[in-house]
Amino acid sequence: MFMNLYNYMSNNLTLEQEFKLAVVRKKLQNLNISQSRLYLLELLRLMMIKDNMIKYSIKNRVNFDLID
Numbered sequence: 003m004f005m006n007l008y009n010y011m012s013n014n015l016t017l018e019q020e021f022k023l024a025v026v027r028k029k030l031q032n033l034n035i036s037q038s039r040l041y042l043l044e045l046l047r048l049m050m051i052k053d054n055m056i057k058y059s060i061k062n063r064v065n066f067d068l069i070d
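So, in structure tokens, the structure goes:
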């Protein structure tokens with residue numbers, strides 16, 4: 003059951019994510035090779051930061067619930 007949910011969650015994008023992907027795809031068409039490489043490196047850096055934040059949160063069981 004969990005693996006089915008994991009596969010569904012990891013393989014499907016929301017409509018909002020699909021739209022964002024289309025917007026970025028359109029912007030990327032206007033970049034030259036050098037700009038594309040810089041964009042790719044920055045994207046990878048940000049993904050690594052996100053991974054680190056997730057790992058930290060899991061390791062330390064950080065609760066991100068907002069207090070009203």
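The numbering of the sequence shown is our numbering, which starts it at 3 and goes up by one. No residue lacks a Cβ here, since even glycine has one placed at the ideal position from N, Cα and C.
- In the structure shown, GLN19 adopts helical secondary structure according to DSSP, grouped into three states.
- Collapsing the DSSP output to three states places ASN32 in coil.
- In the displayed model, ASN14 falls within coil according to three-state DSSP, outside both helix and strand.
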